[in-house]
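Peer 1: Okay, handing you the structure first.
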Amino acid sequence: ASDDDEQASTLQKRQKERDQNVVAKHYDDRPEVGRSARKESPIYGLKSFNNWIKSVLMQKMAYPALTQSRSRRTLRANLTLAGRVLDIGCGKGGDLQKWRSARIKEYVGVDIAGVSVSQARERWRDWRGDKAERFDATFAQLDCYRHPLDAELPPKVFSEPFDVVTMQFCMHYAFETEAKVRMMLDNVTSYLRPGGRFIGTVPNSDILLNSLAEAQESDPNALSFGNEVYRIRFDQARGPLYGHRYMFFLEDAVEDVPEYVVYWEEFVSLASQYGLALLYKREFHEVYAEEAENPEFNALLKRMKVVDDDNNSAMDPAQWDAANVYLAFAFEKR
Ligand code: SAM
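Numbering (our numbering), first residue to last: 32 to 365.
Below, the structure written as structure tokens:
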């Protein structure tokens, strides 16, 4: 029996390594298309909406932690850059411009996908324009769910704490094992100052499991659900708290990449062991319902082309449905 156990555990280990490589390779293989090509995407509306959600989350939940570190004088003048941001799973640097608008002083971006990290670095380097707006940045390739940040980042990065840690559309990849989630939480909290914020976006376990239960009402053997834009396919209907795997497909974005359910209540309780207190949790549809009328965020909706001047959505119903797979969250470090 012990031979069998050993063999099973070796097989499991190999499966996990394959999953990890699939994730890094998937993101590295996706070409960085320019802004104009992005507009051609069949899910342009959904992508813009996701970007709008991230901007709203940053402004509502991260800005307070950034401005706390700004002196009154610089706040009044709104000139000096301030605040340090750690972006775990930074990808190709899709949020760099948003952080520039936040007038941060320093940005650190890490991601498991090496090509993506290089593209993020290039994007930052290529900025011309007003030098005063260009914040310092450090980038590194790192599996942040298996290694501590200081394994790849230079010591100078840790000489001051971070005001904000951000993890956008990437935390769920850690939920393969509890050890990975703990490593991830170590990396999130070790250098986050008390009062600092941890913000992110992640698939909503309630929506995932309720949608699967609904699919099983018409077909008890069903393991998948979705529409013409996205599809989620579980290995098993009920799974362990860590390692409950499903394959995710999103048109023109993610092709059948393995992901893991983030059991939300369990996560909040684990996060509290790391000094993180939940401040904000909203489904994407709720963010829209609460914020779309706010004049500042309404103007942003239009600028980001999520809606046109008459407030008609750029998303069809299938994209709108797909959008609500995710939730936005913010924690504060106590
Ligand atoms: N945060 C970026 C954004 O919002 O545009 C990228 C999001 S992309 C959907 C998910 C990112 O998580 C990918 O760039 C992927 O390489 C990264 N990722 C997955 N597993 C990771 C790990 N173990 N360590 C660091 N990054 C990881």
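Built from N, CA and C at the ideal position, the CB exists for glycine as well.
1. Answer yes or no: do residue 278 and residue 76 have a C-beta to C-beta separation smaller than 8 Å?
2. Taking 6 Å as the limit between beta carbons, can you name the residues of its chain near residue 219, skipping five residues before and five after?
3. Write down the C-beta distance between residue 129 and residue 176 rounded to the nearest angstrom, noting that I regard them as a contact closer than 8 Å.
4. Taking buried to mean at least 16 other C-beta atoms within 10 Å of its own C-beta, is residue 132 buried or exposed?
5. Hey, could you find the ends of the alpha helix (DSSP H) residue 128 is sitting in?
6. Please name the residue in 356, 98, 145, 74 whose C-alpha comes closest to that of residue 257.
7. Checking 8 Å against the spacing of the C-beta atoms, do residue 364 and residue 227 come in under that value?
8. Say the cut is 7 Å; is the CB of residue 257 nearer than that to a heavy atom of the ligand SAM?
9. Kindly identify the DSSP beta-bridge partner or partners of residue 233.
10. Under 8 Å Cβ to Cβ from residue 283, same chain only, skipping five residues before and after it: list those, please.
11. Please confirm whether residue 358 and residue 302 have their CB atoms less than 8 Å apart.
12. Could you spell out where the beta strand (DSSP E) holding residue 197 opens and where it closes?
13. Whole angstroms is fine: what's the gap from residue 91's alpha carbon to residue 259's?
14. Do residue 114 and residue 198 have their beta-carbon atoms positioned less than 8 Å apart in this structure?
15. Below 8 Å on the Cβ atoms is my contact criterion, and I expect residue 336 with residue 149 to pass it. Report the Cβ-Cβ distance as a whole number of Å.
16. Measuring from the CB of residue 147, is there a heavy atom of the ligand SAM at a distance below 7 Å?
17. Which class does residue 261 belong to by DSSP, given the choice of helix, strand or coil?
18. In chain order, what residues of the same chain have a beta carbon less than 6 Å from the beta carbon of residue 171, not counting five sequence neighbours either side?
19. Alpha carbon to alpha carbon, what distance is there between residue 249 and residue 241?
Peer 2: Walking through what the data contain:
1. In this structure, residue 76 does not lie closer than 8 Å to residue 278 by Cβ.
2. Cβ within range, chain order: 196, 229.
3. In this structure, residue 129 and residue 176 do not form a Cβ contact; the two beta carbons are roughly 24 Å apart against a cut-off of 8 Å.
4. Under a 10 Å Cβ-count criterion, residue 132 is classified as exposed, with fewer than 16 other Cβ atoms of the shown protein chains found around its own Cβ.
5. Per DSSP, residue 128 belongs to the alpha helix (DSSP H) from 127-132.
6. When each option's Cα is compared against that of residue 257, the closest is 356.
7. In contact: residue 364 and residue 227 (Cβ atoms closer than 8 Å).
8. Not under cutoff, so the answer is no.
9. Bridge partners of residue 233: 358.
10. Here residue 283 has 72, 73, 74 as same chain residues with Cβ atoms under 8 Å from its own Cβ, once five neighbours each way along the sequence are excluded.
11. Contact flag unset, no.
12. Following the DSSP letters along the chain, one finds residue 197 inside the beta strand (DSSP E) bounded by residues 193-199.
13. Computed Cα separation, rounded: 32 Å.
14. Against a cut-off of 8 Å, the Cβ pair of residue 114 and residue 198 comes out as no contact.
15. About 28 Å separates the two Cβ atoms, so there is no contact after all.
16. Indeed, a heavy atom of the ligand SAM lies less than 7 Å from the Cβ.
17. For residue 261, the three-state secondary structure derived from DSSP is strand.
18. Same-chain partners within the cutoff: 141, 183, 184.
19. Pairing residue 241 with residue 249, the inter-Cα distance amounts to about 13 Å.
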